[in-house]
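Read in order, the letters of the sequence shown are residues 1 to 693 in full-length UniProt numbering.
Just so you know, even glycine gets a beta-carbon here, dropped at the ideal spot from N, CA and C.
Right, one structure below, let's go through it.
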Amino acid sequence: MSPITREDIGEIAVLSCDYPPVNALSHAVRKGYIDHLDAIRSDDAIKAVVVRCEGRTFHAGADITEFGKPPQEPHLPDVVMALETFPKPLVAAIHGTALGGGLEIALGCHYRIADPSAKVGLPEVHLGILPGAGGTQRLPRLAGVENALDAILSGRHVKMKEAAAWGVVDRLAGDDLKADAVAYAKEVVASGPRPTGDIELDGAKYDEAFFANFRKSIARKTRGFFAPEQCIRCVEAAVSLPLVEGLKKERQYFTECMQNPEAAAMRHLFFAERQVARVPGITKETKRRDIKKVGIIGAGTMGGGIAMNFANVGIPVTVLELNQEALDRGLGVCRKNWERSSRLTADDVAERVKYLSGTTNYEDLADCDLVIEAVFEKMEIKEQVFKKLDEVLKPGAIMASNTSYLDVDAIAAYTSRPSDVLGLHFFSPANVMKLLEIVRGKETADDVLATCLDMAKKIGKVGVVAGVCHGFIGNRMLSGYGREANLNVMKGAMPQDVDKAIFDFGMPMGPLTMADMAGLDIGYFNRQSMDRNSFDTRATDWLDRLVEGDRKGLKVGKGIYDYAEGSRAPVPSPEVEAIILEESAKLGLERTSISAEEIVERSIYALINEGAHILDEGIALRASDIDVVYVYGYGFPRYRGGPMHYADAVGLDKVYARLQEFASIDPDNWKISPLLKRLAEEGSSFAAFDQSR
Ligand code: 3H9
Numbered sequence: 001m002s003p004i005t006r007e008d009i010g011e012i013a014v015l016s017c018d019y020p021p022v023n024a025l026s027h028a029v030r031k032g033y034i035d036h037l038d039a040i041r042s043d044d045a046i047k048a049v050v051v052r053c054e055g056r057t058f059h060a061g062a063d064i065t066e067f068g069k070p071p072q073e074p075h076l077p078d079v080v081m082a083l084e085t086f087p088k089p090l091v092a093a094i095h096g097t098a099l100g101g102g103l104e105i106a107l108g109c110h111y112r113i114a115d116p117s118a119k120v121g122l123p124e125v126h127l128g129i130l131p132g133a134g135g136t137q138r139l140p141r142l143a144g145v146e147n148a149l150d151a152i153l154s155g156r157h158v159k160m161k162e163a164a165a166w167g168v169v170d171r172l173a174g175d176d177l178k179a180d181a182v183a184y185a186k187e188v189v190a191s192g193p194r195p196t197g198d199i200e201l202d203g204a205k206y207d208e209a210f211f212a213n214f215r216k217s218i219a220r221k222t223r224g225f226f227a228p229e230q231c232i233r234c235v236e237a238a239v240s241l242p243l244v245e246g247l248k249k250e251r252q253y254f255t256e257c258m259q260n261p262e263a264a265a266m267r268h269l270f271f272a273e274r275q276v277a278r279v280p281g282i283t284k285e286t287k288r289r290d291i292k293k294v295g296i297i298g299a300g301t302m303g304g305g306i307a308m309n310f311a312n313v314g315i316p317v318t319v320l321e322l323n324q325e326a327l328d329r330g331l332g333v334c335r336k337n338w339e340r341s342s343r344l345t346a347d348d349v350a351e352r353v354k355y356l357s358g359t360t361n362y363e364d365l366a367d368c369d370l371v372i373e374a375v376f377e378k379m380e381i382k383e384q385v386f387k388k389l390d391e392v393l394k395p396g397a398i399m400a401s402n403t404s405y406l407d408v409d410a411i412a413a414y415t416s417r418p419s420d421v422l423g424l425h426f427f428s429p430a431n432v433m434k435l436l437e438i439v440r441g442k443e444t445a446d447d448v449l450a451t452c453l454d455m456a457k458k459i460g461k462v463g464v465v466a467g468v469c470h471g472f473i474g475n476r477m478l479s480g481y482g483r484e485a486n487l488n489v490m491k492g493a494m495p496q497d498v499d500k501a502i503f504d505f506g507m508p509m510g511p512l513t514m515a516d517m518a519g520l521d522i523g524y525f526n527r528q529s530m531d532r533n534s535f536d537t538r539a540t541d542w543l544d545r546l547v548e549g550d551r552k553g554l555k556v557g558k559g560i561y562d563y564a565e566g567s568r569a570p571v572p573s574p575e576v577e578a579i580i581l582e583e584s585a586k587l588g589l590e591r592t593s594i595s596a597e598e599i600v601e602r603s604i605y606a607l608i609n610e611g612a613h614i615l616d617e618g619i620a621l622r623a624s625d626i627d628v629v630y631v632y633g634y635g636f637p638r639y640r641g642g643p644m645h646y647a648d649a650v651g652l653d654k655v656y657a658r659l660q661e662f663a664s665i666d667p668d669n670w671k672i673s674p675l676l677k678r679l680a681e682e683g684s685s686f687a688a689f690d691q692s693r
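Printed below as a string of structure tokens:
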């Protein structure tokens, strides 16, 4: 049975699509449209048509699960063209989210009416493609070139008020969208069809300089991506060519996008982000605890940032500090951060401040449903905090640690209720970064985990479940990545060579610039308390020398790089280069030139290898979860889909072969994951491993 049904209301045919969950434009839906249009075309009793959807939303786009498979006719651009050229007026009735191909269907219709709460958008760029069913040609005609560029390049969901102002919809509906759409269709019978493609654009206004400026304005955000430039080229075609020619260009650029690895990577992330919330043993039926009040221990940068997340969504949050001065300072920083946000009005800020309070007394947290500790990373301090929380908190309260490395099971053991304890590892700045590692201890109760997964979503985070180990998923993987970057410097590359190679790969900054930003003294002090046999001192002795020479990083104006006063731009340092040469010589290493490709392979393959260990040990539930962690927490380029997807794209056999070469040189550093080895030898992939579980 076709997912599209027809109901005739007098002279108006109402086509309703019912294809849960989001009315994606799959083959059956596209065919349904063509079949119904063919029947209505010759039906003299019908004078106009309403196009609408059942369920929670108008079409949310093309069916992404069909991408990468052989395309089946009728293709979506042909369906949209069939709508636009239909001889009777068509009215799209939009509710929910008309996205991508969904909006393109609405643009193919001649008139649009919408529920005021609906949103529209062309989010294809987030899938590494472009609106390929005429969206790049029709939206500029209807909404104007600037607005269309904004929508297409940002992929954002545009609220109805704005969309109406752009001219994307003609009318807002009252309480009954279907009835209002039918009434509207009756009205437009007399006016007849009004094809969007007939609108003429003032091409002269949008010259080369206009597009050059636009490209410049988004260059930083789109560095390394393929699809955004393709989108711009399409809009250039829209302003300079007739519709049919523009559509041909759109098809060409769309096909190029589909063939680019970026599309597969972004599609992988789309599904990975949805998969991540699925945790074995946790179902809709798993009971949840109410989170009506939250406590945060520590008003430092981390504690304050975490608190902001809750106040942002209207959950009262109390921050605890040891003394009033530190508390006032911490709460003041939260206020300033909100005030500095260009997206918030004074009223928005006041509303948030209302939910934020402070205390120096643990007893004030007694009625909290969730308390998150964000104090100094020392086990003795965590012990004190958790013992105190155990004493004062009401039964059933969830106790969480924001530790980035420490043993969550050991922390839980300080309490009399370890099943109420888990790790909630936020990333800095905690009010901005989307990632939240949810660390499930060996005794963490299912309802505690389920509650925190829901809570993550509520505060706008992507929650990824991790098991207990040193550094969990993200930070544990970093150690090999950093080690290889540092070792490359000893073996022949200069810091700027390493950073450039990694930056060009797509990371937001190179690992050595990042080390300077974090402060070289942090690693230095950690190493002082570690057994020197437990890590490769060749990678770190040169850094220790920098710290001992007072080169602690950006905060003191010199570290691996020099920094001009007041500047954050790293400048290669002749002094450091001399130290590097001396330290290499001391180690007896023969410096050789290391290609950018090898620099990338060493660091990124170290990430992948550790990721495979983590997967094998069950610390991460799936390879795609690791990808989500790296994309959201560490700025791994989205267009590469995360480290594990990237490994699959390179081919695990190739990655494994390279790992063997590295291991033959530095066997202690490269313990190849047995899982990676097995998958490589079987010709398999991390994606196939995920699917097999
Ligand atoms: C396009 O249109 C290309 C054209 O221009 C050109 C073609 C030639 N297809 O997100 P949720 C599934 S590209 C297939 O959890 P929410 C999703 O996987 C498309 N499946 O719900 C999930 O499945 P499951 C442009 C889809 O309420 C379920 O629906 N459009 C699609 O949080 C629920 O999804 C987009 O990029 C799809 N298009 O959010 C829009 N969309 O339950 C993508 C969703 O098995 N979609 N699913 O995990 C969204 O942004 C959100 O899903 C939406 C609802 C806002 C609609």
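Enclosing alpha helix (DSSP H) for T283 [first to last residue]:
On the sequence shown, position 283 is the one that residue 283 refers to. No alpha helix (DSSP H) contains T283, which DSSP labels as neither H nor E.
Do L422 and T444 have their C-beta atoms within less than 7 angstroms of each other?
On the sequence shown, residue 422 is found 422 positions in, with the first residue counted as 1. On the sequence shown, residue 444 is found 444 positions in, with the first residue counted as 1. The answer is yes: Cβ separation under 7 angstroms.
So L652 and S685 are supposed to be a Cβ contact under 8 angstroms. How far apart are they, rounded?
Locating residue 652 in the sequence shown gives position 652, where the first residue counts as 1. Locating residue 685 in the sequence shown gives position 685, where the first residue counts as 1. Correct: roughly 6 angstroms between the Cβ atoms.
Start-to-end residues for the alpha helix (DSSP H) that takes in V239
Within the sequence shown, the letter at position 239 stands for residue 239. Run containing V239: A227 to S240, per the alpha helix (DSSP H) assignment.
Can you find a heavy atom of the ligand 3H9 that lies under 6 angstroms from the Cβ of I94?
Position 94 of the sequence shown, counted from the start, is the residue given in the question as residue 94. Incorrect: I94 has no Cβ contact closer than 6 angstroms to the ligand 3H9.
Check whether the segment 459-468 and the segment 553-568 are in contact - that is, three or more C-beta pairs closer than 8 angstroms.
No, they do not touch.
Would you mind working out which of P261, R56 and H95 sits nearest G641, comparing C-alpha positions?
Within the sequence shown, numbered from 1, the residue matching residue 641 stands at position 641. If we check each option's Cα against that of G641, P261 comes out closest.
Roughly how many angstroms lie between the CA atoms of Q275 and E582, to the nearest whole one?
Residue mapping note: residue 275 aligns to position 275 of the sequence shown, counting from 1. Residue mapping note: residue 582 aligns to position 582 of the sequence shown, counting from 1. Cα to Cα, the separation comes out at about 50 angstroms.
Is it the case that the Cβ atoms of M308 and N431 are separated by a distance below 7 angstroms?
Locating residue 308 in the sequence shown gives position 308, counting from the first residue. Locating residue 431 in the sequence shown gives position 431, counting from the first residue. Cβ distance < 7 angstroms, so M308 and N431 count as in contact.
Less than 6 angstroms separating the Cβ of L76 from some heavy atom of the ligand 3H9?
Working through the sequence shown from its first residue, we reach residue 76 at position 76. The ligand 3H9 approaches L76 closely enough that one of its heavy atoms is under 6 angstroms from the residue's Cβ.
Alpha carbon to alpha carbon, how far is H36 from D18?
The residue given as residue 36 occupies position 36 in the sequence shown. The residue given as residue 18 occupies position 18 in the sequence shown. Taking the CA atoms as reference points, H36 sits about 14 angstroms from D18.
Spatial neighbours of A612 within its chain, please: C-beta separation below 6 angstroms, excluding the five flanking residues on both sides.
Here residue 612 refers to the residue found at position 612 of the sequence shown. Result list for A612: S673, L675 and L676, in chain order.
Quick check on R278: does DSSP put it in helix, strand or coil?
In the sequence shown, counting from the first residue as 1, residue 278 sits at position 278. Here R278 sits in coil by DSSP.
Suppose only complete runs of 3+ residues qualify. What are the beta strand (DSSP E) ranges in the segment 372-437, listed by chain order?
You should have 398-401 and 421-426.
Please tell me whether, using a cut-off of 6 angstroms, the distance from the CB of A24 to the nearest non-hydrogen atom of the ligand 3H9 is below it.
Position 24 of the sequence shown, counting from 1, holds the residue named residue 24. Distances from the CB of A24 to the heavy atoms of the ligand 3H9 include at least one below 6 angstroms.
Judging by CA-CA distance, which residue of A663, R622, E661 and D668 is the nearest neighbour of F271?
Within the sequence shown, residue 271 is the residue found at index 271, counting from 1. Out of A663, R622, E661 and D668, R622 has the C-alpha closest to the C-alpha of F271.
Pair every Cβ in the segment 277-291 with every Cβ in the segment 141-148, then say whether three or more of these pairs are closer than 8 angstroms.
The segment 277-291 vs the segment 141-148: no contact.
From which residue to which residue does the alpha helix (DSSP H) around Y33 run?
Taking the first residue of the sequence shown as position 1, residue 33 is located at position 33. Taken as a continuous stretch (DSSP letters only), the alpha helix (DSSP H) holding Y33 covers H27 to R41.
Kindly indicate which three-state DSSP category E7 falls into: helix, strand or coil?
In the sequence shown, residue 7 corresponds to position 7, counting from 1. In the structure shown, E7 sits in a strand (DSSP, three-state: E or B).
Nearer than 6 angstroms: is that true of the beta carbon of I64 relative to any heavy atom of the ligand 3H9?
For this step, residue 64 is matched to residue 64 along the sequence shown. At least one heavy atom of the ligand 3H9 is nearer than 6 angstroms to the Cβ of I64, so yes.
Backbone CA spacing between D454 and I152 [nearest angstrom]:
The count along the sequence shown starts at 1 and reaches residue 454 at position 454. The count along the sequence shown starts at 1 and reaches residue 152 at position 152. In a straight line, the C-alpha of D454 is about 31 angstroms away from that of I152.
Regarding G298 and the ligand 3H9, is the C-beta to nearest heavy atom distance less than 6 angstroms?
Counting from one through the sequence shown, the residue named residue 298 turns up at place 298. It does not: the Cβ of G298 is nowhere closer than 6 angstroms to a heavy atom of the ligand 3H9.
Quick check on C469: does DSSP put it in helix, strand or coil?
Residue 469 sits at position 469 when you count from the first residue of the sequence shown. DSSP places C469 in coil when its eight states are reduced to three.
Give me the DSSP bridge partner(s) of A114.
The sequence position of residue 114 within the sequence shown is 114, counting from 1. DSSP lists I94 and L172 as partners of A114.
For G330 versus G304, is the C-beta distance shorter than 7 angstroms?
Locating residue 330 in the sequence shown gives position 330, counting from the first residue. Locating residue 304 in the sequence shown gives position 304, counting from the first residue. Result yes, Cβ atoms of G330 and G304 sit closer than 7 angstroms.
On a CA-only basis, which of F689, F472, A212 and K119 is nearest A620? Give me that one, please.
In the sequence shown, residue 620 corresponds to position 620, counting from 1. Comparing alpha carbon positions, the residue from F689, F472, A212 and K119 closest to A620 is F472.
Using only the heavy atoms of the ligand 3H9, determine whether one of them is closer than 6 angstroms to the beta carbon of E443.
One-based indexing of the sequence shown puts residue 443 at position 443. No, Cβ of E443 sits at least 6 angstroms from all heavy atoms of the ligand 3H9.
If you compare alpha carbons, which of V182, D668, G298 and R56 is closest to A374?
As a first step, residue 374 must be located in the sequence shown, where it is residue number 374. Answer by Cα proximity: G298.
Using a Cβ-Cβ cut-off of 8 angstroms (strictly less than) and excluding sequence neighbours within five positions of Q660, which residues of its own chain qualify?
Translated into positions along the sequence shown, residue 660 becomes position 660. Residues I672 of the same chain have their beta carbon placed closer than 8 angstroms to that of Q660, with the five preceding and five following residues left out of the count.
Which stretch, first to last residue, makes up the alpha helix (DSSP H) that contains V22?
If you number the sequence shown from 1, residue 22 lands on position 22. From DSSP, V22 is part of no alpha helix (DSSP H); its letter is neither H nor E.
Close-in-space but distant-in-sequence residues of the same chain around G224 (CB under 7 angstroms, 5 per side omitted):
Sequence index remark: in the sequence shown, residue 224 carries index 224 (1-based). Hits under 7 angstroms: G506, P637 and Y639.
Would the beta-carbon of G61 be found less than 6 angstroms away from any heavy atom of the ligand 3H9?
Within the sequence shown, numbered from 1, the residue matching residue 61 stands at position 61. G61: yes, Cβ under 6 angstroms from the ligand 3H9.
State the DSSP-derived secondary structure class of G358, mapped to helix, strand or coil.
Here residue 358 corresponds to residue number 358 of the sequence shown, with the count starting at 1. Residue state, collapsed to three classes: strand.
With distances taken between CB atoms, is the gap from L130 to C257 smaller than 7 angstroms?
Against the sequence shown, residue 130 aligns to sequence position 130. Against the sequence shown, residue 257 aligns to sequence position 257. In contact: L130 and C257 (Cβ atoms closer than 7 angstroms).
Spatial neighbours of M399 in its chain, beta-carbon cut-off 6 angstroms, leaving aside the 5 residues before and after:
Counted from its first residue, the sequence shown places residue 399 at position 399. Excluding five sequence positions before and after M399, the CB atoms of its chain that fall closer than 6 angstroms to its own CB belong to V371, L389, D420 and V421, given in chain order.
Rounded distance between the beta-carbons of D504 and A596, thought under 8 angstroms:
Here residue 596 refers to the residue found at position 596 of the sequence shown. Here residue 504 refers to the residue found at position 504 of the sequence shown. About 7 angstroms separates the two Cβ atoms, so the contact holds.
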